[in-house]
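Under the working numbering, think of the first position of the sequence shown as 1459, with each following residue one higher. Here's the structure we're looking at; comments come further down.
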Amino acid sequence: MLFEWDDKKNTLNLKKHQISFKQASQVFLDKDAIYIPDKKLRKGGLSLGKLKILL
């Protein structure tokens, strides 16, 4: 799976949430991840899964 993102947005996300988009994209590699669609907006949703990040 290929992911693309805006570098400026990635920098802001890293400062705000202490996680980069590259790190966060690993959740899609978790075979046990759970996806919950957003029924109100009918686009996107919430994915919950494990990440391999060393702090």
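Ideal Cβ placement from N, Cα and C applies to all residues, glycine included. Keep in mind that this is a model prediction, so the values were computed, not measured.
With contact defined as three or more Cβ pairs closer than 8 Å, the region 1462-1475 and the region 1487-1497 are not in contact. For L1472, the enclosing alpha helix (DSSP H) stretches over residues D1465 to H1475. For Q1481, the uninterrupted alpha helix (DSSP H) run begins and ends at F1479 to A1482, by DSSP. Scanning N1468, G1507 and R1500 for the CA closest to the CA of K1480 turns up N1468. Beta-bridge analysis with DSSP links G1503 to P1495.
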